Structures are given as C-alpha cells and as structure tokens.
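Note that the protein sequences, when read in sequence, are chains B and P. Residue numbers for the first sequence follow the numbering used here, beginning at 10 and rising by one. Residue numbers for the second sequence follow the numbering used here, beginning at 10 and rising by one. Worksheet: the structure to be examined is printed underneath.
Protein chains: 2
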Amino acid sequence: MTLVACIGGGQLGRMLGLAGLPLGLRFRFLDPSSDACAREVGELVVGGYDDPAALDDLARGADVVTYEFENVPVEAAVRVGALPPAAALEHGQDRLREKELFRSLGIPTARFGTLDETGLPAVAKTRRLGYDGKGQRRLDRVGPIADDELAEELVRFERELSIVGVRSREGETRFWPVAENIHREGILRVTRAPARDAPQDDAEAICASLLDELGYVGVLAVELFEVGDGLLANELAPRVHNTGHWTIDGSATSQFENHLRAILGLPLGSTETRERCVMINLIGAAPGLDELLALPHARVHLYGKEPRAGRKVGHVTLLDPDEETVVRAVALADAADLA
Amino acid sequence: MTLVACIGGGQLGRMLGLAGLPLGLRFRFLDPSSDACAREVGELVVGGYDDPAALDDLARGADVVTYEFENVPVEAAVRVGALPPAAALEHGQDRLREKELFRSLGIPTARFGTLDETGLPAVAKTRRLGYDGKGQRRLDRVGPIADDELAEELVRFERELSIVGVRSREGETRFWPVAENIHREGILRVTRAPARDAPQDDAEAICASLLDELGYVGVLAVELFEVGDGLLANELAPRVHNTGHWTIDGSATSQFENHLRAILGLPLGSTETRERCVMINLIGAAPGLDELLALPHARVHLYGKEPRAGRKVGHVTLLDPDEETVVRAVALADAADLA
Chain B
10 MTLVACIGGG QLGRMLGLAG LPLGLRFRFL DPSSDACARE VGELVVGGYD
60 DPAALDDLAR GADVVTYEFE NVPVEAAVRV GALPPAAALE HGQDRLREKE
110 LFRSLGIPTA RFGTLDETGL PAVAKTRRLG YDGKGQRRLD RVGPIADDEL
160 AEELVRFERE LSIVGVRSRE GETRFWPVAE NIHREGILRV TRAPARDAPQ
210 DDAEAICASL LDELGYVGVL AVELFEVGDG LLANELAPRV HNTGHWTIDG
260 SATSQFENHL RAILGLPLGS TETRERCVMI NLIGAAPGLD ELLALPHARV
310 HLYGKEPRAG RKVGHVTLLD PDEETVVRAV ALADAADLA
Chain P
10 MTLVACIGGG QLGRMLGLAG LPLGLRFRFL DPSSDACARE VGELVVGGYD
60 DPAALDDLAR GADVVTYEFE NVPVEAAVRV GALPPAAALE HGQDRLREKE
110 LFRSLGIPTA RFGTLDETGL PAVAKTRRLG YDGKGQRRLD RVGPIADDEL
160 AEELVRFERE LSIVGVRSRE GETRFWPVAE NIHREGILRV TRAPARDAPQ
210 DDAEAICASL LDELGYVGVL AVELFEVGDG LLANELAPRV HNTGHWTIDG
260 SATSQFENHL RAILGLPLGS TETRERCVMI NLIGAAPGLD ELLALPHARV
310 HLYGKEPRAG RKVGHVTLLD PDEETVVRAV ALADAADLA
C-alpha cells in the first residue's frame with residue numbers, strides 16, 4: 010500500500026484523503042489537535058509542526074510527504090523532504106519575497122514596498138502568517154509601517170480571480186478554468202467557475218511561469234486581481250486551495266486527486282470542465298443537512314468540524330444552477346453563520 | 010454528528026463511507042475480519058454477525074444501522090433494527106421465497122420449482138447463501154434435487170440487465186438507468202450503463218412493485234434477463250450493488266449516497282445520468298495504478314484489499330469511452346487477474 014503523509018490535518022488534508030482512498034492510497038496526518046478533522050480518513054499523529062520527533066513519526070514509512078497549509082515551518086518541510094518543494098513554501102510565507110518573485114518573472118502586481126512606492130490609499134499587510142484577511146489594515150494617510158509589514162497599493166479591481174494549476178514530477182502542467190471569487194470580511198464566500206470571459210491564457214501563463222521557476226510538483230493556486238488592462242498577481246498558495254474546491258464535483262479530475270497524482274509520480278488527470286459551478290463556503294456553522302440536500306444539483310461537503318465563528322465548516326457546490334438556487338444557497342449559508 | 014452503523018465492512022461498506030464522509034456522517038462497521046477494508050473510513054468492530062455483544066457494540070449510539078450484504082442473519086438485522094427492513098433480507102436470502110414474491114406480484118420469472126415444473130435443461134441452485142455463481146449446477150437430464158436446492162429453467166436470454174432503485178422513508182422512489190451486465194465464471198466483469206435500448210419503464214415497474222411491497226427503505230437492485238418478449242426477474246439484492254458502482258462517477262447522486270439519504274430520512278438526490286459509463290471490475294489483483302490512471306477518462310476505485318483469486322479488489326469506470334479504451338481496460342484487468 011502506498012502511504013501519503015501530510016503536515017496538517019484540516020479540511021484540505023481530509024479532502025486529499027477522500028480523493029486518495031479510492032486510489033487505494035493510505036494517509037497519515039500530523040496536527041497539533043487530536044480533533045483534527047482529517048483523522049477520519051487516516052492515521053493521526055498529534056504533535057507540533059516544529060517537533061522533530063512528531064515529524065519523524067509522520068514520515069516513517071511514507072512514500073511521499075506533503076502539506077496542506079502554507080505556514081508549515083520550512084525546516085519541517087525540508088526535514089521530511091516534503092513536496093511541493095520548500096522553495097514554494099518560502100515564497101508563500103513571505104509577502105515581500107512573493108512579490109519579488111512575481112516581479113522577477115515579469116508578472117504584474119500591485120505596487121508594493123514603502124508608502125513612497127505604493128502611494129495612498131494603501132494596505133499594510135504582515136509579511137508572514139497572514140490568512141483570510143487577518144493582519145491587514147488600510148492606510149489612508151502616511152503612517153508608520155512596522156518592520157514585519159509590507160505596504161501594498163490599494164488596487165481598485167474589477168474582479169478577484171484565481172487559477173489553480175498542477176505540475177508533475179516530469180514538468181507536465183495542467184490548469185483548471187479560472188475562477189471568480191467573492192470575499193467578505195477577508196474570507197472566501199463564493200467561487201464561480203469557469204469565470205465568465207476570463208483571461209484564461211494570461212492566467213495560465215502566470216501560473217505556468219511560477220510552476221516552472223519553482224521546480225514545482227503538485228497543485229499551486231494563484232490569486233489574481235482583474236483590472237482594466239489585465240491581471241495583477243496577488244498571492245500564491247503552494248497547496249490545494251479553497252477556490253479549487255469546485256473541481257471535486259465540476260471537473261474530470263479534482264485538484265485533490267491531481268495533487269496526489271503529481272507528488273506520487275502518477276499520470277495527471279484531465280482538468281476538463283463541462284458544467285458551470287458555484288461553490289459556497291459554509292462559515293461558522295453548517296445549515297441542516299436536509300436543507301442543503303434539498304437544493305437542486307447541490308453537492309454537499311461538510312468537514313466534520315465543530316461550529317465556531319469564522320471557521321470554514323463545509324462547502325456546497327451547485328452544478329449548473331439557476332440564480333434563484335444560488336441566492337437560496339447563499340441565504341442558507343448566511344442564516345447558519347455564527348457571525 | 011450522525012453515526013451510521015453497517016453490518017459488514019467490505020468494499021460496499023467502504024464506498025458507503027466514502028459517500029457519507031463528505032456529508033459529515035461518521036461510520037462504524039461490524040466485520041469478522043480485523044482487516045476489513047471499510048476500516049479506513051470508520052470505526053471497526055471485529056466480531057461475528059451472529060454475536061449479540063458485537064451487534065450491540067455496533068449499534069450503540071448509532072442513528073441508523075444498515076448492512077452491505079444480503080446474507081446477514083435476519084435475527085441480527087432485527088436485533089439492531091436495521092434498514093432496509095428484514096422482510097427484504099428474508100426474501101433475498103432464499104431463492105424460493107424470492108421467486109414466489111416475484112410471482113405474487115405478477116413479475117415474470119424463469120420457471121422454477123421441481124424439474125417437472127422447469128423442464129430441461131435446468132439449473133439447480135442452492136436456496137440459500139449462493140453468490141457470484143457459487144452453488145449452481147446445470148442439469149441436462151433428470152436427477153436428484155436436494156432439499157436445499159431449487160430448480161430453475163435454463164433461460165436463453167439476450168442480455169443480462171439490472172436496475173437499481175431507491176425508496177425513501179416516505180415512500181418516494183427513484184431509479185437509475187438500466188445497466189447491461191457481462192458475467193464470466195459467475196462473477197460480474199463489465200457493466201454498461203445506460204444500457205442501449207433498454208426497457209427502462211418495464212424495469213422500473215418491476216423494481217417499484219418490489220420496493221412498495223416490501224415497505225423498503227434504501228437501495229434495492231434487481232437482476233433481470235432480457236428475453237425475446239420482455240424481462241424476467243432473476244434475483245433481488247437488498248443493498249447497494251456492483252452493477253450500480255458506475256453511479257459514483259456517472260450519476261448526479263450515487264447509489265451509495267442515496268442509500269444513506271434514504272435510511273437517514275434525508276431528501277433523495279437526483280439520479281440524472283448524462284454520460285455513457287462502462288464499469289470494469291478488477292478481479293484477483295489490480296493492475297498498476299499508473300496504467301489505470303493513464304486510461305482516458307477513467308475513474309479508479311481500489312478497495313485496499315490484498316490480492317486473492319476471484320476477489321473483487323477494485324473497479325474502473327470509463328466515462329463516455331471509445332471502444333478501443335474499453336478493450337484496453339478489459340485487457341489490463343484480465344492481465345492482472347490471478348485466475
């Protein structure tokens with residue numbers, strides 16, 4: 010049996026497991042919480058991500074080690090020889106290095122650096138460990154920027170888009186259709202894919218140049234701003250990504266399965282997409298299962314997590330829905346939200 | 010959390026678990042083998058199906074109890090209040106009662122009973138505990154029929170078909186398209202669904218009358234022979250069925266998910282099917298994962314079982330394949346078969 014080890018045992022690990030079990034793969038997860046929701050699809054090692062003994066327990070006998078969040082300590086990833094390679098992690102963890110990487114590859118970004126470089130209004134973002142909009146503050150006038158912060162131009166974008174791609178060990182790449190994303194309070198709420206009239210080729214070119222530059226293996230997501238005259242790269246995430254969850258139900262091969270195929274040296278699967286998908290995150294708490302399952306053509310994904318404000322506890326993907334169903338589903342999600 | 014308990018921890022239990030985990034359900038299985046392949050998707054109680062203590066361990070705290078094979082002792086199913094109801098199990102376990110049920114509902118069958126009633130050639134089948142063609146022998150001349158055997162007319166059928174249906178607690182029914190099945194040495198090898206030019210309405214009528222008569226809740230499969238002038242019912246299976254595995258990838262809702270929805274009193278899901286599917290069983294041993302995944306539009310399902318002659322270790326579903334791909338996939342499966 011092939012054993013896949015994963016640093017992190019949250020919902021992304023759980024969905025990796027659900028994608029891999031039908032391939033006959035087995036899973037082991039490392040997580041500080043004995044309650045980690047991936048424990049239902051594999052063995053769970055409870056321990057810190059920086060605990061060498063726990064990392065060794067995780068990696069023992071594994072055919073490959075991967076991770077499900079971008080704030081894995083780089084030394085931990087290196088210790089267990091994780092894929093995607095640590096270079097991606099280093100860039101994904103530091104907004105300044107990330108932006109410099111974009112610049113070095115000729116990928117357009119918002120202006121960044123000091124307030125002199127960005128102009129006003131700007132956003133001060135912590136360089137490290139920010140996620141879901143945390144660690145960000147808007148600057149409308151000149152003020153101090155901490156050493157661990159980076160100023161970015163406040164971009165007036167038309168849409169937030171993202172592209173998810175995968176690269177095999179041999180360097181073959183595949184991409185899913187560009188998705189359009191709606192955030193609220195810094196948390197992704199809705200993804201529509203394929204995004205209407207999206208600049209697929211431009212987005213693929215950005216993702217491809219990052220995949221190749223990083224000698225990447227696995228799934229990489231790039232968040233993009235669509236502005237009047239093109240795309241700006243905002244962030245990369247060296248992992249399976251919330252804006253790619255729709256691929257479980259909407260694509261011939263999901264991001265989770267193709268991530269596993271890539272890191273295990275197996276042939277990549279088709280990313281063909283036939284239906285228009287709308288993915289709605291369930292935040293805080295999930296609506297009743299009976300209500301969710303009564304939505305037409307809804308595919309329900311609950312993560313087995315206890316309710317908590319701001320927590321992603323599940324998602325629903327609507328296949329080729331009419332707008333009335335989308336509105337109903339969003340209202341259901343909002344009514345259950347603890348916020 | 011909703012807990013589903015299942016008598017039996019084989020591949021059908023495993024696929025029930027894989028369908029239910031995304032709905033936030035948890036699973037517990039009872040199986041005599043500590044190696045039962047469903048253990049990867051839930052808790053495993055190791056014990057005999059006729060062991061009251063083990064059955065009580067299985068059922069403790071469960072929201073519903075179901076089963077994944079038709080030879081569950083009826084007393085066991087009654088003890089834990091399993092769904093589908095025990096009446097279905099009683100008929101599914103005894104070929105004579107099964108045939109008499111068909112007759113009482115006006116569902117055509119092959120002639121059965123004594124050799125006087127069937128004529129020659131005939132097939133003598135054990136009344137109980139037969140599966141995958143075991144316990145059957147052909148009779149070309151008059152000879153003794155044991156007390157635990159039933160004689161059936163040897164039917165010269167055009168095709169073997171099957172229909173899988175589901176009935177909710179409220180009596181709502183849904184059906185998947187009729188499938189065409191190819192057996193070899195009594196074991197299902199290939200299912201094509203939807204079957205071309207199949208008598209869908211007639212098959213649904215047969216399945217519906219059984220579902221209603223039995224006050225059924227859950228998924229029921231009926232194996233059918235297509236003969237010149239119609240359908241003959243051959244067997245019923247009061248459970249998810251190998252000839253419905255294609256629904257995981259080919260239908261809006263799989264047989265596994267709809268079985269769970271039905272027994273839990275949740276709304277049934279759409280059985281809409283858009284693509285032509287070919288499901289190929291992997292018997293004995295599985296081909297290499299790299300070879301399987303290289304088949305175009307193949308969805309691979311391995312059960313995590315050790316190889317053994319005659320054992321179902323996985324299946325592959327090809328979505329809308331050309332015949333060349335079907336031939337390649339069958340050849341791959343045959344080359345790996347230990348027989």
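Cβ atoms here follow ideal geometry from the backbone N, Cα and C, with glycine treated the same way. Note that the structure is a prediction, hence the values are computed from the model and not measured.
Counting other Cβ atoms within 10 Å of its Cβ, residue 347 of chain B stays below 16 and is therefore classed as exposed. Excluding the 5 residues flanking it on each side, residue 50 of chain P has same chain C-beta neighbours closer than 7 Å at 23, 26, 27, 30, 36, in chain order.
At a cut-off of 8 Å between C-beta atoms, residue 29 of chain P does not count as an interface residue with respect to chain B.
Collapsing the DSSP output to three states places residue 108 of chain B in a helix. Within a 10 Å sphere around the beta-carbon of residue 113 of chain B sit fewer than 16 other beta-carbons, which makes this residue exposed. When Cβ-Cβ separations below 8 Å define contact, residue 125 of chain B makes no contact with chain P. The beta carbon of residue 143 of chain B sits closer than 7 Å to the beta carbons of 195 from its chain, once the five residues preceding and following it are set aside; these are given in chain order.
Taking residue 300 of chain B as reference, the option from B:260, B:269, B:278, B:344 with the minimal CA-CA separation is B:344. Here residue 197 of chain B really is in contact with residue 252 of chain B; their C-beta atoms are around 7 Å apart, less than 8 Å. If you draw a straight line from the Cα of residue 339 of chain P to the Cα of residue 154 of chain P, it is about 37 Å long.
Residue 318 of chain B counts as exposed, since fewer than 16 other C-beta atoms from the protein chains shown sit within 10 angstroms of its C-beta. Along the segment 35-54 of chain P, the positions whose C-beta sits under 9 Å from a C-beta of chain B are 35, 36, 49, 50, 51, read in chain order. With respect to chain P, the C-beta atom of residue 100 of chain B has no partner C-beta closer than 8 Å.
Taking a Cβ-Cβ cut-off of 7 Å, the neighbours of residue 32 of chain P in chain B comprise 298, 309, 311, given in sequence order. When beta bridges are read from the DSSP output, residue 16 of chain P appears opposite P:39, P:76.
When C-alpha distances from residue 103 of chain P are compared across P:226, P:80, P:124, the shortest belongs to P:80.
In the structure shown, residue 323 of chain B falls within a strand segment according to DSSP collapsed to helix, strand and coil.
At a Cβ-Cβ threshold of 8 Å, residue 219 of chain P and residue 233 of chain P do not count as neighbours. Look at residue 278 of chain P: its C-beta is under 8 Å from a C-beta on chain B. For residue 147 of chain P, the closest alpha carbon among the candidates P:132, P:193, P:116 is that of P:132.
Checking the DSSP bridge columns, you'll see residue 99 of chain P has no partner listed. For residue 306 of chain P, the residues of chain B that pass the 8 Å Cβ criterion are 261, 279, in the order they occur in the chain. A residue is called buried when at least 16 other Cβ atoms come within 10 angstroms of its Cβ; residue 156 of chain P does not meet this threshold and is exposed. For residue 303 of chain P, a Cβ of chain B is located within less than 8 Å of the residue's own Cβ. Put simply, the CB of residue 275 of chain B is near chain P, with a gap under 8 Å to one of its CB atoms. A residue is called buried when at least 16 other Cβ atoms come within 10 angstroms of its Cβ; residue 237 of chain P does not meet this threshold and is exposed. Here residue 199 of chain P carries a strand assignment [DSSP, helix/strand/coil].
Within chain P, the C-beta atoms nearer than 9 Å to that of residue 10 of chain B come from 313, in chain order. Secondary structure at residue 256 of chain P: helix, using DSSP grouped into helix, strand and coil. Look at residue 11 of chain B here: in three-state DSSP terms it is coil, with no helix or strand label. Boundaries of the beta strand (DSSP E) around residue 175 of chain B: 168-176.
Residue 270 of chain P belongs to the set of residues whose beta carbon lies under 8 Å from a beta carbon in chain B. Scanning P:178, P:71, P:297 for the CA closest to the CA of residue 275 of chain P turns up P:178. Secondary structure at residue 231 of chain B: strand, using DSSP grouped into helix, strand and coil. Nearest to residue 235 of chain B by C-alpha distance, out of B:284, B:278, B:164, is B:164.
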